[in-house]
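Number of protein chains: 2
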Amino acid sequence: MATKPGTTTNTIDRFLASELAGEIEFLTARNRSLGSARANKLLGPLGLKVRSYSVLSLACSGMAPTQRELAEFLLLDPSQIVPLVDELESRGLVGRAADPNDRRSKVITCTNEGMQLYKKARVATAEGEDIAMANLSKSEKETLRELLARIAFPQ
Amino acid sequence: MATKPGTTTNTIDRFLASELAGEIEFLTARNRSLGSARANKLLGPLGLKVRSYSVLSLACSGMAPTQRELAEFLLLDPSQIVPLVDELESRGLVGRAADPNDRRSKVITCTNEGMQLYKKARVATAEGEDIAMANLSKSEKETLRELLARIAFPQ
DNA sequence: ACTTAATCGTTGACTTTATCAAGAGTTTAC
DNA sequence: GTAAACTCTTGATAAAGTCAACGATTAAGT
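Heads up: the protein sequence lines correspond to chains A and B, in order. For the first sequence, counting from 1, position 107 maps to 107 in our numbering; every step adds exactly one. For the second sequence, counting from 1, position 103 maps to 1103 in our numbering; every step adds exactly one.
What follows is the structure, given as structure tokens:
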């Protein structure tokens, strides 16, 4: 009997002391995997995934992102933005508008329905965040948010 | 309030004030993307990627992980572990040993060469971590590490 | 003004990664 | 002792990442 069937926490605890478990890149990868799986589950009933949610969120930000800007901010290839916007557009949630200053670019804007869905989706992702950080105090959450932002957007 | 699109000011800065940029799940996903790309580049000369490095690291931990445990700790499907171990094994870096207590399981152990390569790889990932957290003080780094661990391994 | 180069969205080909089901061998449970 | 559960493995399929090239448009150079 090497491992008791049904108890999955034993395995994790066994490797908490490993050098890998202390590496921030590993912890980040693990948190991303846990977080996106949870977010996808919460967004599923709305017909969204983390990717399409991110695009919808920026489309609803009032900042009029172009597809190129979406790719850069989300760290995706521009060709990956196309089917994401296609799907949201086909559902009437966002629209492609010609940029008057540069007709090569297409500005992504959200429709009223897109905004309504985004508000629901935002509640879902906030719930996921609460679950993820259930063990953290309010000030710890804000500390974590600030430190993550300084790494995600180095000056 | 739509900001003027197409302006050549830094694209990232334009969206720092977006609601998405304040979401921890988004920041985590972005950090993971930046970090794994950087780590893969640093590990490339050693013939490793973040995935194979993670397996090698645990194999060299002295904790004798089984493939099932590797999958659980790394949040991968067990079938994904197979080709990872295959590749490391074919290079003589790790070995599959029958678990004497349970002959279904295979314990992954590292060879001398595996350990030597791991030590070099560990230097590379530490360098990546230094680059990622260049803007953080030493105490901020440890705070971040602890907060990430509490999310990655909820009790 | 006119040619050349660069940019944006898009398509398509291709590789890598993720997800799932099923099978052979082994261990556990009843 | 038989049935159920577990581990590794294979294979099929879907999703995601990477890269080159094209038409339309803009910018740069002369």
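For glycine and all other residues, C-beta sits at the position ideal for the given N, C-alpha and C.
message: Can you check whether the C-beta of B:A1149 is within less than 9 Å of a C-beta belonging to chain A?
response: yes
- prompt: For the candidate residues A:Q116, A:E69, A:R14, whose alpha-carbon lies nearest to that of A:L46?
  reply: A:Q116
message: Does B:N1101 come out as helix, strand or coil in the three-state DSSP assignment?
response: coil
message: Contact criterion: CB-CB distance below 9 Å. Does B:I1081 meet it with respect to chain A?
response: no
- prompt: Comparing alpha-carbon positions, which option in A:V50, A:R96, A:R38 lies nearest A:A64?
  reply: A:R96
message: Rounded to the nearest angstrom, what separates B:T1143 and B:P1100 at their Cα positions?
response: 41 Å
- request: Could you list the residues in the region 27–50 of chain A with a C-beta less than 8 Å from some C-beta on chain B, going in chain order?
  value: L27, T28, A29, R30, N31, R32, S33, L34, G35, S36, A39, V50
message: Any contact between the region 1022–1035 of chain B and the region 116–130 of chain A? By contact I mean 3 or more CB pairs, one from each, below 8 Å.
response: yes
task: Since I believe B:L1093 is in contact with B:E1113 (beta carbons under 8 Å), could you give me their beta-carbon distance rounded to a whole number of angstroms?
output: 6 Å
task: Run the CB neighbour count on B:E1138, radius 10 Å, all protein chains shown included, and call it buried at 16 or more, exposed below.
output: Note that residue 1138 of chain B is Lys in the sequence shown, not Glu. Answer is exposed; the Cβ neighbour count stays below 16.
message: Just to confirm the assignment, what range does the alpha helix (DSSP H) spanning A:K106 have?
response: No alpha helix (DSSP H) holds A:K106; the beta strand (DSSP E) holding it covers 106–110.
task: Starting from the Cα of A:L88, find the closest Cα among A:V50, A:E69, A:I151, A:S105 and give me that residue.
output: A:V50
task: Determine whether the Cβ of B:P1154 lies closer than 9 Å to any Cβ atom of chain A.
output: yes
task: Could you tell me the distance, in whole angstroms, from the CA atom of B:G1035 to the CA atom of B:M1133?
output: 10 Å
task: Grab the span of the alpha helix (DSSP H) containing B:Q1080 for me, first residue to last.
output: 1078–1090
message: In this structure, how does DSSP classify A:G62 when only helix, strand and coil are distinguished?
response: coil
field: Straight-line gap, B:K1106 to A:A21 (C-alpha atoms, nearest Å)
entry: 22 Å
task: Label B:L1058 either buried or exposed according to how many other C-beta atoms from any shown protein chain fall within 10 Å of its C-beta, with 16 as the threshold for buried.
output: buried
field: Pairwise C-alpha distance: A:A121 and A:T111
entry: 15 Å
query: Comparing the C-beta of A:E113 with each C-beta of chain B, is any distance below 9 Å?
result: no
message: Going by DSSP in three states, B:G1047 sits in which element: helix, strand or coil?
response: coil
field: Whole-angstrom distance between A:A98 and B:L1074, CA atom to CA atom
entry: 44 Å
field: Exposure of B:T1008, with buried meaning 16 or more beta-carbon neighbours within 10 Å
entry: Only weak support is given to the placement of B:T1008: the predicted model assigns it a pLDDT of 36, under 50, and the value that follows is read from those uncertain coordinates. So B:T1008 counts as exposed.
task: Please work out which residues of its chain come closer than 7 Å, Cβ to Cβ, to B:F1015, disregarding the five sequence neighbours upstream and downstream, and give them in chain order.
output: A1021
field: Straight-line gap, A:N10 to A:A29 (C-alpha atoms, nearest Å)
entry: 21 Å
field: Beta-carbon contacts of B:E1140 that lie in its chain and below 7 Å, excluding the five residues immediately before and after
entry: none
Own chain, CB closer than 6 Å to A:I81, minus 5 neighbours either side, in chain order: Q67, L70, A71
query: Where does the unbroken alpha helix (DSSP H) through B:Q1067 begin, and where does it stop?
result: 1067–1074
- prompt: In whole angstroms, what is the alpha-carbon distance linking B:S1054 and A:R103?
  reply: 46 Å
- prompt: What residues of chain A sit near B:T1143, judged by a beta carbon separation below 8 Å?
  reply: T143, L147
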